[in-house]
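Residue numbers (UniProt numbering): 1 to 327.
Glycine included, every Cβ here is placed at the ideal spot set by N, Cα and C.
Worksheet: one structure, shown below.
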């Protein structure tokens, strides 16, 4: 994007196939205990994101609104759907002003103009075709499997609340640029996958391999966020929200629960979940409520997160000899 824009990173790995599947033997499953849901919500999210991008390009209308009279527009054969000049937006997308008009996250408008809805609308906007394709491919690879295992309600909550959490943290730390993208929500799904693995630890057989693979994927994608013009605070906020939500929403019954009525009395499982699962759920729920409350209070008071953490700006961009970092 232009120098003032931030896209929410676009390198979520699709290698989550290394994670154990309930039908692959990576962890134990009781007959009839695991319901495979039909995934429809994640495809709907993909369609919605693509539709919003098309609308954004239609409204952008580069041939009419570009100051060069449309001569610099890319792919001019697309008419009013053609892209902004690459020097303005190298990701093949609309202008910054169009993204602002449609609901990009902008601290000043959220705090001083009371446009809190931007914390949600920014999740559905993308900086360009490259940004959109990378995020939607990641959403398909990560989200469909989760929806098949846990259903659309729980995965939908994780996606939306993680995106919201990413927007809050982004607005607290990035106050001079606009931010768009679904990757905060995508990192929430990755975080939920990690907490689901930990919460349902007793179900897995290849525990160490699954954990190591997932941690490496998450670390690589977070590392990409230190590049300039990538909103890593949205990634971190989304990941933290999704990680906590996974302990609350993605718990699996302990082994033997589904077949308890067919077992002898002395062998029956009396509790649906293990004690540690209940503890993790309660702690995560408390942290979620506190985190969202504190974050929103700080945001609408107009506080700058960098004032409370002098080194946190390095989490989103690390300056090198090849690039500089602004807020």
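| task | Put residue 179 into one of helix, strand or coil per three-state DSSP. | result | The residue labelled residue 179 in the question sits at position 179 within the chain shown. Looking at residue 179 - three-state DSSP - the assignment turns out to be strand.
| query | Nearest to residue 135 by CA position, among 185, 196, 107, is which residue? | reply | Start at 1 with the first residue of the chain shown, and residue 135 comes out as number 135. The shortest C-alpha separation from residue 135 is found at 185.
| To the nearest angstrom, how far is it from the Cα of residue 168 to the Cα of residue 239? | By one-based count along the chain shown, residue 168 stands at place 168. By one-based count along the chain shown, residue 239 stands at place 239. When rounded, the distance between both Cα atoms is 12 Å.
| request: State the DSSP-derived secondary structure class of residue 92, mapped to helix, strand or coil. | output: On the chain shown, position 92 is the one that residue 92 refers to. Residue state, collapsed to three classes: coil.
| query | Taking the alpha-carbon positions, what's the residue 146 to residue 66 distance? | reply | Translated into the one-based positions of the chain shown, residue 146 becomes position 146. Translated into the one-based positions of the chain shown, residue 66 becomes position 66. If I take the Cα positions, the gap works out to 42 Å.
| Hey, out of 121, 93, 234, whose CA is closest to residue 48's CA? | Counting from one through the chain shown, the residue named residue 48 turns up at place 48. Checked all of 121, 93, 234; the closest Cα to residue 48 is 121.
| query | If you draw a straight line from the C-alpha of residue 93 to the C-alpha of residue 253, how long is it? | reply | Within the chain shown, residue 93 is the residue found at index 93, counting from 1. Within the chain shown, residue 253 is the residue found at index 253, counting from 1. One C-alpha to the other measures close to 45 Å.
| Is it the case that the Cβ atoms of residue 154 and residue 288 are separated by a distance below 9 Å? | Position 154 of the chain shown holds residue 154. Position 288 of the chain shown holds residue 288. Taking 9 Å as the Cβ cut-off, residue 154 and residue 288 do not qualify as a contacting pair.
| message | Once DSSP output is grouped into helix, strand and coil, what is the label at residue 105? | response | Here residue 105 is taken as the residue at index 105 of the chain shown, counted from 1. Here DSSP, grouped into helix, strand and coil, assigns residue 105 to strand.
| task | Pick out whichever of 89, 230, 294 has its Cα sitting closest to the Cα of residue 179. | result | If you number the chain shown from 1, residue 179 lands on position 179. For residue 179, the closest of 89, 230, 294 by C-alpha to C-alpha distance is 230.
| query | If you count every other CB in all the chains shown that lies within 10 Å of the CB of residue 124, and 16 or more means buried, which is it? | reply | Locating residue 124 in the chain shown gives position 124, counting from the first residue. By the 10 Å Cβ count, residue 124 comes out buried.
| Within the 9 Å Cβ cut-off, does residue 197 reach chain C? | Here chain C cannot be found, since the structure has a single protein chain.
| Whole-angstrom distance between residue 205 and residue 177, CA atom to CA atom | Counting from 1 along the chain shown, the entry for residue 177 is found at position 177. Counting from 1 along the chain shown, the entry for residue 205 is found at position 205. C-alpha of residue 177 to C-alpha of residue 205: approximately 46 Å in a straight line.
| said: Suppose the cutoff is 7 Å on Cβ atoms and the five residues either side in sequence are ignored; what does the same chain contact list for residue 284 look like? | reply: Start at 1 with the first residue of the chain shown, and residue 284 comes out as number 284. Closer than 7 Å at the Cβ level, and outside the excluded window around residue 284, lie 244, 247, 248.
| task | Compare the C-alpha of residue 293 against each of 201, 236, 164 and name the closest. | result | Locating residue 293 in the chain shown gives position 293, where the first residue counts as 1. For residue 293, the nearest C-alpha among the options comes from 164.
| task | Note the first and the last residue of the continuous alpha helix (DSSP H) segment covering residue 388. | result | Within the shown structure, residues of the chain are numbered from 1 to 327, placing residue 388 beyond reach of any answer.
| request: Return yes when the Cβ of residue 91 is within less than 9 Å of the Cβ of residue 54, no when it is not. | output: Walking along the chain shown from the start, residue 54 turns up at place 54. Walking along the chain shown from the start, residue 91 turns up at place 91. No.
| query | Under 9 Å, do residue 242 and residue 162 count as touching if we go by C-beta distance? | reply | Reading the chain shown from its first residue, position 242 is the one you call residue 242. Reading the chain shown from its first residue, position 162 is the one you call residue 162. In this structure, residue 162 lies closer than 9 Å to residue 242 by Cβ.
| said: Could you tell me which whole alpha helix (DSSP H) segments of length 4 or greater appear in the stretch 158-229? | reply: Here the runs fully enclosed are 183-199, 207-224.
| said: Contact defined as beta carbons within less than 8 Å: I believe residue 51 pairs with residue 105. What is the distance between those atoms, to the nearest angstrom? | reply: For the purposes of this step, residue 51 is identified with residue 51 of the chain shown, where counting begins at 1. For the purposes of this step, residue 105 is identified with residue 105 of the chain shown, where counting begins at 1. Between residue 51 and residue 105 a beta carbon distance of about 20 Å is seen, past the 8 Å cut, so the two are scored as non-contacting.
| query | Rounded to a whole number of angstroms, what is the C-alpha to C-alpha distance between residue 173 and residue 313? | reply | Your numbering for residue 173 matches position 173 in the chain shown. Your numbering for residue 313 matches position 313 in the chain shown. The alpha-carbon atoms of residue 173 and residue 313 are separated by roughly 7 Å.
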